[in-house]
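Beneath this line is the structure, given in structure tokens, with notes to follow.
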Amino acid sequence: MKQLGWRLLAAVFVALGLVGAVLPVMPTTVFLLLGAWAAGHGWPGLHDWLLGHPRYGPVIVQWRSHGIVPRRAKWLATGSILVSIVILCVGTDVAWLKWSIPPLLGLLLIWLWRRPEKPA
């Protein structure tokens, strides 16, 4: 039963990652990283496939071994976050969301840009 839960979680994350590969408004890498993590707990075949994938495998391996985030991924994430902040500020009248979420996303961006882009 536990293995089924890990497989279901891995399938959901990988499916979201594949949607993100097609739609520019959805992230890809974060969902594939989560999918690889979940697959590593209960679906060895999917885990091996993700790590061996010619496009996404190296990104997953570099994240796991060195905490690397490629510069392109940083820029895409930054753009997505900035668009999200604008949509939040324009699209809601809930004041506490407008003043709490942007600083949290700003902290996320600081963390993201402090991640290495290449192995040390």
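Numbering (this note's numbering), first residue to last: -3 to 116.
The C-beta atom is built at its ideal place from N, Cα and C for all residues, glycine as well.
Might you give, ordered along the chain, the residues of its own chain that have their beta carbon closer than 7 Å to the beta carbon of residue i, omitting 5 neighbours on each side?
i, result
"Thr25", "Val55, Ala69"
"Ile81", "Pro98, Leu101"
Does the distance from the CB of residue i to the CB of residue j come in under 8 Å?
i, j, result
"Gly16", "Phe9", "no"
"Gly63", "Pro112", "yes"
"Ala117", "Leu5", "Past the boundaries of the shown model lies residue 117; the chain is included only from -3 to 116, so the question cannot be answered."
"Leu29", "Trp71", "no"
Which residues in the same chain as residue i place their Cβ atom closer than 8 Å to its Cβ, once the five residues preceding and following it in sequence are excluded?
i, result
"Leu0", "Gly38"
"Cys85", "Lys94, Pro98"
In terms of alpha-carbon separation, which member of the options lies closest to residue i?
i, options, result
"Arg110", "Thr74, Asp89, Leu78, Trp2", "Thr74"
"Val21", "Ala7, Ser61, Trp2, Ile83", "Ile83"
"Lys114", "Ile106, Trp92, Lys(-2), Pro66", "Pro66"
"Leu105", "Leu78, Gly87, Asp89", "Leu78"
Quick check on the burial criterion: 16 or more other C-beta atoms within 10 angstroms. Buried or exposed for residue i?
i, result
"Pro50", "exposed"
"Gly41", "exposed"
"Leu46", "buried"
"Gly87", "exposed"
Near residue i, which residues of its chain fall below 6 Å by C-beta distance, leaving aside the five closest residues on each side in sequence?
i, result
"Pro23", "Gly16"
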